[in-house]
Amino acid sequence: MVIVTILGATAPAARATDPNASPPNILFLFADDQRADTIAAWGNPHIRTPNLDRLVAHGCSFRNNYCFGSNSGAVCVPSRAMLMSGRTWFDVKPNLDGVPLLPEILRAAGYTTFATGKWHNGESSFVRAFPDARSVFFGGMADHTKVPVADVSGGKVTNRRVAKKFSSEEFADAAIEFLNGYKGRKPFFCYVAFTAPHDPRNPPEKYREMYYQARPPLPANFRPLPAFDNGLTKNIRDENLAPYPRTKEVVGDQLCEYYGLITHLDEQVGRILKALEKSDYAQNTIVVYTADHGLAMGSHGLLGKQSLYEHSMKCPLVIAGPGIPAGKTIDAFTYLFDLFPTICEWAGAKLPEKVAGESLRPLWVGEKKQLRDSVFLPFSGLMRSVRDERWKLIVYPPINHRELFDLKTDPGETRNLAAEPGFAAEVERLTTLLTDWQRKVGDTQPLSVTKPKPKEVRFDDFDRKPDKWQPPWIVEKYFGKP
1 MVIVTILGAT
11 APAARATDPN
21 ASPPNILFLF
31 ADDQRADTIA
41 AWGNPHIRTP
51 NLDRLVAHGC
61 SFRNNYCFGS
71 NSGAVCVPSR
81 AMLMSGRTWF
91 DVKPNLDGVP
101 LLPEILRAAG
111 YTTFATGKWH
121 NGESSFVRAF
131 PDARSVFFGG
141 MADHTKVPVA
151 DVSGGKVTNR
161 RVAKKFSSEE
171 FADAAIEFLN
181 GYKGRKPFFC
191 YVAFTAPHDP
201 RNPPEKYREM
211 YYQARPPLPA
221 NFRPLPAFDN
231 GLTKNIRDEN
241 LAPYPRTKEV
251 VGDQLCEYYG
261 LITHLDEQVG
271 RILKALEKSD
281 YAQNTIVVYT
291 ADHGLAMGSH
301 GLLGKQSLYE
311 HSMKCPLVIA
321 GPGIPAGKTI
331 DAFTYLFDLF
341 PTICEWAGAK
351 LPEKVAGESL
361 RPLWVGEKKQ
371 LRDSVFLPFS
381 GLMRSVRDER
391 WKLIVYPPIN
401 HRELFDLKTD
411 PGETRNLAAE
421 PGFAAEVERL
431 TTLLTDWQRK
441 VGDTQPLSVT
451 KPKPKEVRFD
461 DFDRKPDKWQ
471 PPWIVEKYFG
481 KP
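Position 317, counted from 1, in the sequence shown is what the UniProt record's numbering calls 317; the numbers after and before it change by one each time, with no gaps.
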């Protein structure tokens, strides 16, 4: 087993539990658009993720980890900005201008920083965050077989080119090269941001065929059409990737391709962990695996991440290494930006102003059972949501629509109870909780309008056009021959 020696219980103590210990190295593995339910060890028997499964077995799983909504349909951008700043998107400026970034803080605390993969928040902020990097993709998405990348040396962008390998392999190679060659005495922060399993859903043939031959079931909350127009039902590129109404055949094929991307990604994670095991730093390295957000993939008639349902805002989070309990599951509510203060605590670094996250350490050492008793999810001016342990409310201000779900009996969010008799008090309670959150984070979005837009959405005039990043075979298969 590759990662036993890295993550075993005999590893020396780190700041994960002991604030007086030496700062650990940090290997941060970041997926793109990965649903939280796509790890076999987390209860999905239809996907193959052996390396993530081993990480789960030897680490701590956070099963209620969320992206804090989004200020636009490009959810990747604010999610990554919030991770790197520790702030909510209400306090982050475009391209992270003027915001202290996590790698900057770590370098000031004595760390060496390195990055490879996707950034999606502007070149200027990247070179400030990582003066040295390899195979960096500054954009948001690309054909996995033709990713434009560049290197950064001494804060200068160099060697712009198109990667010759599949994206996940290209970024894994860069991380492995760093781990193999690092001889410094300082602790390191190695940030590996994959573009998988973001579309285009074109995994290497072997991994696509793997799931065509053993097809995973559709999500339990699959439906051919969305129940209403959330404001992004038609006018967002993610929803163009399959026609309305969604068919089980088309969504099933895309699910096979999505799973194929994840299994191929998992294989690259295994390669990186193997390189870490062989290095001189294995016994003092903490591994973090997470994703920027989830994805619908047919749930609720949607394909993208532009909603506040659990499938789109939840993201996997596993932490493993010295001082982290093995095989532990934590159900407390956490946000992706909680990793900012957590990592700063490992490094012994002082937090800057306006950090919204809280350190996760009290959860795994048993000092606290929860960091917050509810989760607030704001999405541009279109949606607001709040959930507690059992109940979830989603509000759609432009159409004056509300959804109430009992997550205990309806985890797939399929039965809207908001207008049913007997639930008015629950809606009122959660609305009060939601407005309390709004005041706390400085959100001024009204929860209703005087002239609502129609809830109904017409699909007969849905004009689908492939974007420039889709490879020819996907265009032909899902959009038809030109």
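All residues carry an ideal CB built from backbone N, CA and C; glycine is no exception.
**Prompt:** Near Val4, what residues of its chain come up, given a Cβ to Cβ distance below 6 angstroms and the 5 sequence neighbours on each side ignored?
**Reply:** Caution is warranted here: a pLDDT of 46 is assigned to Val4, below 50, making its placement in the model unreliable, and the coordinate value is therefore given only provisionally. Answer for Val4: no residue qualifies.
**Request:** Give the C-beta separation of Val152 and Val192 to the nearest angstrom, bearing in mind that I take them to be a contact with Cβ-Cβ under 8 angstroms.
**Result:** Actually they do not touch by this definition, with Cβ atoms about 15 angstroms apart.
**Request:** Buried or exposed for Thr158, please, with buried defined as at least 16 other CB atoms from any protein chain shown within 10 angstroms of its CB.
**Result:** exposed
**Item:** Paired residues, beta bridge with Thr263 - DSSP
**Value:** Its beta-bridge partners do not exist; DSSP assigns none.
**Counted within 10 angstroms of its Cβ, other Cβ atoms place Asn202 as buried (16 or more) or exposed** = buried
**Message:** Tell me the residue span of the alpha helix (DSSP H) that contains Asn51.
**Reply:** Pro50 to Ala57
**Enclosing alpha helix (DSSP H) for Val427 [first to last residue]** = Ala424 to Val441
**Asked** Which of helix, strand or coil does DSSP assign to Met297?
**Response** coil
**Alpha carbon of Asp143 to alpha carbon of Ser72, nearest angstrom** = 22 angstroms
**Request:** Put Ile286 into one of helix, strand or coil per three-state DSSP.
**Result:** strand
**Asked** Between the Cα of Ala163 and the Cα atoms of Pro322, Phe188 and Val136, which residue gives the shortest distance?
**Response** Val136
**Item:** Contact the segment 360-373 vs the segment 260-280: 3+ CB pairs below 8 angstroms
**Value:** no
**Item:** Distance between beta carbons of Phe462 and Lys234, contact taken as under 8 angstroms
**Value:** 6 angstroms
**Item:** Buried versus exposed, by CB contacts within 10 Å (16 or more), Trp473
**Value:** exposed
**Asked** In this structure, does DSSP put Leu377 in helix, strand or coil?
**Response** strand
**Prompt:** Quick one: is Pro341 buried, meaning 16 or more other Cβ sit within 10 Å of its Cβ, or exposed?
**Reply:** buried
**Prompt:** Mind checking Ala11: buried by the 16 CB within 10 Å criterion, or exposed?
**Reply:** Since pLDDT at Ala11 reaches only 44, below the 50 mark, its modelled position is unreliable, and the value read off the structure follows with that caveat. Answer is buried; the Cβ neighbour count reaches 16.
**Prompt:** Would you report the Cα separation of Pro216 and Met84, rounded to the nearest angstrom?
**Reply:** 34 angstroms
**Item:** In chain order, each beta strand (DSSP E) run of at least 3 residues that lies wholly inside the segment 121-176
**Value:** 133-137, 148-153 and 156-162
**Item:** Close-in-space but distant-in-sequence residues of the same chain around Leu52 (CB under 6 angstroms, 5 per side omitted)
**Value:** Ile39 and Asp266
**Request:** Inspect the beta-carbon positions of Phe130 and Ala108 and report whether they are closer than 8 angstroms.
**Result:** no
**Request:** Note down the Cα distance separating Asn95 from Ala31, rounded to an integer number of angstroms.
**Result:** 20 angstroms
**Message:** Between the alpha carbons of Ala425 and Asp388, how many angstroms are there, rounded?
**Reply:** 15 angstroms
**Item:** CB contact flag (Leu303, Asp238, <8 angstroms)
**Value:** yes
**Request:** Assign Val2 to one of two classes, buried (16 or more other C-beta atoms within 10 Å of its C-beta) or exposed (fewer than that).
**Result:** Reliability of the predicted coordinates at Val2 is poor, the pLDDT of 45 falling under 50, and the value obtained from them is presented with this limitation in mind. It is buried - the Cβ of Val2 has at least 16 other Cβ atoms within 10 Å.
**Prompt:** Roughly how many angstroms separate the alpha carbons of Val318 and Pro204, rounded to a whole number?
**Reply:** 26 angstroms
**Message:** Measuring straight from C-alpha to C-alpha, what distance separates Gly323 and Leu393?
**Reply:** 37 angstroms
**Prompt:** In the structure shown, what three-state DSSP assignment does Pro471 receive?
**Reply:** coil
**Request:** Return the chain-ordered list of same chain residues with a C-beta closer than 7 angstroms to the C-beta of Val449, the five sequence neighbours on each side being excluded.
**Result:** Pro397, Pro398 and Asn400
**Asked** From Gly139, Asp253, Asn180 and Pro45, pick the residue whose C-alpha is nearest to that of Tyr212; which is it?
**Response** Asp253
**Request:** Just the C-alpha distance for Asp132 and Phe189, rounded to the nearest angstrom, thanks.
**Result:** 12 angstroms
**Request:** Answer yes if the segment 427-446 comes into contact with the segment 217-229, meaning at least three C-beta pairs across the two stretches below 8 angstroms, and no otherwise.
**Result:** no
**Which residues DSSP lists as bridging Leu401, in chain order** = Reading off the sequence, residue 401 comes out as His, not Leu. DSSP, once it has assigned bridges, lists Tyr396 as partnering His401.
**Prompt:** In angstroms, rounded to a whole number, what distance separates the CA positions of Ile343 and Pro316?
**Reply:** 17 angstroms
**Request:** Might you give, ordered along the chain, the residues of its own chain that have their beta carbon closer than 6 angstroms to the beta carbon of Ala333, omitting 5 neighbours on each side?
**Result:** In the sequence as displayed, the identity of residue 333 is Phe instead of Ala. Taken in chain order, the residues that qualify are Asn64, Arg372 and Val375.
**Asked** Per DSSP, what kind of secondary structure is Tyr191 in: helix, strand or coil?
**Response** strand
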